[in-house]
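2 protein chains.
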Amino acid sequence: MSAPRPTSQDGSDERYSRCGPSTFPQPALGPEGQAADHVRRGPGRPRARARRPAQGDREVDHLELEVEETVIRLLATQQPMARDLRLLVAATKIANDLERVGDHAVNIAQSAERLLAARVIAPEPELLEMARQARAMLSGALDAFVRGDAGLGREICRRDDSVDALHHSVFRILLTHMMEDPHIIGAAMDLFLVSRNLERVADLATNIAEDVVFVVEGKTIKHHAEG
Amino acid sequence: MSAPRPTSQDGSDERYSRCGPSTFPQPALGPEGQAADHVRRGPGRPRARARRPAQGDREVDHLELEVEETVIRLLATQQPMARDLRLLVAATKIANDLERVGDHAVNIAQSAERLLAARVIAPEPELLEMARQARAMLSGALDAFVRGDAGLGREICRRDDSVDALHHSVFRILLTHMMEDPHIIGAAMDLFLVSRNLERVADLATNIAEDVVFVVEGKTIKHHAEG
């Protein structure tokens with residue numbers, strides 16, 4: 001059942017040929033610009049900013065469908081092979097990953113709205129660090145995709161453990177705070193949700209980085225298939 | 228940029244032609260059999276059952292890669308068109324969705340382990356109902372895929388709101404319990420995580436059901452594109 005996957009080693013930082021990323025629609029405001037920074041908004045900042053992601057999310061949803069239509073059209077009309085074929089298959093997956101990043105951005109914004117209304121606790125420094133790392137991973141994964149840089153892709157994958165560790169720290173810290181002061185439980189749950197959403201954004205950035213390695217090298221490193 | 232998608236209305240309950248589901252590897256124990264039932268395991272049942280999903284998850288991960296390899300091989304060698312092409316694109320997405328269901332099953336099993344060790348609270352009836360509905364949705368979505376039944380696919384999509392509503396109920400109930408008795412906060416957080424994972428399983432079942440409609444009718448109902 002399992003066929004040998006065509007392998008090409010045509011340079012890890014070479015730009016994509018023929019049907020490269022420029023074939024696909026470019027977002028005016030990508031999920032990368034939406035996701036991680038909502039958590040940095042402290043109490044007292046204008047609440048209008050927390051409402052913007054819903055509009056941006058619809059745009060991301062629409063762009064995902066456009067990418068999928070473009071891929072199906074190219075598959076039907078161009079009969080792409082090897083790296084071009086891998087790029088098209090990866091493009092639908094990456095578009096789906098980015099659509100999910102957009103969903104997480106909306107979730108974070110909704111928690112931010114509630115946290116701003118309650119004003120009972122400030123986010124932990126660990127949460128701000130998670131936001132910084134998750135955003136950097138997403139940005140790096142997209143750079144790796146655009147540049148066809150498998151080396152950068154692998155580096156991004158290695159950073160996921162750090163965000164996971166921060167998520168566990170945030171969980172333990174919030175649990176302690178909730179035990180000490182039950183009045184903050186609602187707000188602490190929202191901070192936990194933000195942490196969970198950031199952890200998922202880092203996972204999705206890792207998926208994208210894995211797909212970059214697959215496109216460039218024809219080699220699957222997903223699910224730690226490299227060992 | 229957006230090309231008109233090829234549309235075919237070749238019967239909603241007709242079996243898939245040429246590269247139908249039988250082309251793909253069959254799991255010995257699918258994520259459907261893993262995900263929703265971990266939550267039904269009450270205190271006192273053997274804990275060994277909660278450890279099984281890690282092994283099953285690796286098998287699901289492996290099967291996802293096999294599906295992807297099969298799709299790429301078929302795209303490269305068969306130049307499929309119209310419905311066959313849509314089926315192959317959908318197959319990679321569905322395999323990815325099922326891999327994520329497997330991850331959620333592992334998460335639920337991990338929470339189940341901790342809940343069994345703590346034995347401080349029993350799951351809410353709403354949570355058991357969520358497990359029942361999420362499992363039924365996943366099973367229905369896979370039936371719809373195997374049978375090529377767009378009508379069943381649409382029905383599954385409509386059921387997602389019910390699971391979302393139950394998730395919100397569980398959240399409110401747990402919040403109240405935590406406020407009343409801070410000693411159960413840790414366990415309540417785990418029940419909340421189980422609820423969140425079940426909600427995501429229902430979302431993934433909905434994704435699969437949407438893809439079935441897309442394969443059969445060439446029509447996108449994702450992101451409520453139908454209005």
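So the protein sequences, as listed, match chains G and Z.
Numbering (the numbering used here) for the first sequence: 1 to 227.
Numbering (the numbering used here) for the second sequence: 228 to 454.
C-beta: ideal position from N, C-alpha, C; glycine also.
Since the structure is predicted, the reported quantities are computational estimates derived from the model, not experimental observations.
G/Lys222 has a beta carbon lying within less than 8 Å of a beta carbon in chain Z. Proximity of G/Lys219 to chain Z, defined by a Cβ-Cβ separation below 8 Å, is not satisfied. Taking Z/Leu302 as the centre and dropping the five residues before and after it, the same chain places the C-beta of Leu315 closer than 7 Å to its C-beta, in chain order.
The continuous alpha helix (DSSP H) containing Z/Arg310 extends over residues Ala309 to Ala345. Under a criterion of Cβ atoms nearer than 9 Å, the residues of chain G adjacent to Z/Met416 are, in order, Phe171, Leu174, Leu175, Met178, Met189 and Phe192. For the 8 Å CB-CB criterion, G/Leu175 and Z/Met416 form a contact. Apart from the 5 residues on each side of it in sequence, G/Ala150 sits with its Cβ closer than 7 Å to the Cβ of Ser12, Val212, Val213, Val216 and Glu217 in its chain, given in chain order. Within chain Z, no C-beta atom comes nearer than 9 Å to that of G/Asn197; the closest sits roughly 11 Å away. In the three-state scheme derived from DSSP, where H, G and I count as helix and E and B as strand, G/Thr176 is classed as helix. When Cβ-Cβ separations below 8 Å define contact, G/Asn107 makes no contact with chain Z. A straight-line Cα-Cα distance of about 15 Å links Z/Arg385 and Z/Leu369. Each residue's CA atom was taken as its position, placing G/Thr70 and G/Thr77 some 10 Å apart.
When secondary structure is reduced to three states using DSSP, G/Ala144 falls in the helix class. Counting only Cβ-Cβ distances below 7 Å, Z/Gly413 has contacts in chain G at Leu175, in chain order. With a beta-carbon spacing of about 6 Å, Z/Ala436 and Z/Ala371 fall inside the 8 Å limit used to define contacts. Interface flag for Z/Pro280 against chain G is unset, since no Cβ pair is found closer than 8 Å. G/Met81 reaches chain Z at Ala303, counting residues in chain order whose Cβ is nearer than 8 Å.
Around G/Leu85, the beta-carbon contacts reaching into chain Z at under 8 Å are Ile299, Leu302 and Ala303.
About 6 Å separates the beta carbon of Z/Glu326 from that of Z/Val287, a gap short enough to meet the 8 Å contact definition. Rounded to the nearest whole angstrom, the C-alpha separation of Z/Leu418 and Z/Glu426 is 12 Å.
The Cβ atoms of G/Gly102 and G/Asp57 lie closer than 8 Å to each other. The Cβ atoms of Z/Val390 and Z/His331 lie no closer than 8 Å to each other. For chain G, none of the residues of the stretch 368-383 of chain Z brings a beta carbon within less than 7 Å of one of its beta carbons. Any Cβ of chain Z closer than 8 Å to the Cβ of G/Val89 would place that residue at the interface, and such an atom is present. Boundaries cannot be given for Z/Arg386, as no alpha helix (DSSP H) includes it and DSSP labels it neither H nor E. When C-alpha distances from Z/Leu420 are compared across Z/Ala317, Z/Arg300, Z/Arg313 and Z/Val333, the shortest belongs to Z/Val333. Between G/Asp203 and the set G/Arg132, G/Asp97 and G/Ile121, the nearest pair of CA atoms involves G/Asp97. Secondary structure note for Z/Ile348: it is in no alpha helix (DSSP H), with a DSSP letter that is neither H nor E. The three-state reading of DSSP puts G/Asp181 in coil, since its state is none of H, G, I, E or B. Taking every protein chain shown into account, the CB of Z/Ala344 has fewer than 16 other CB atoms within 10 angstroms, so this residue is exposed.
Rounded to the nearest angstrom, the gap between the Cα atoms of Z/Asp408 and G/His177 is 14 Å. Residue state for G/Thr77 is assigned as helix, using DSSP reduced to three classes. When Cβ-Cβ separations below 8 Å define contact, G/Thr206 makes no contact with chain Z.
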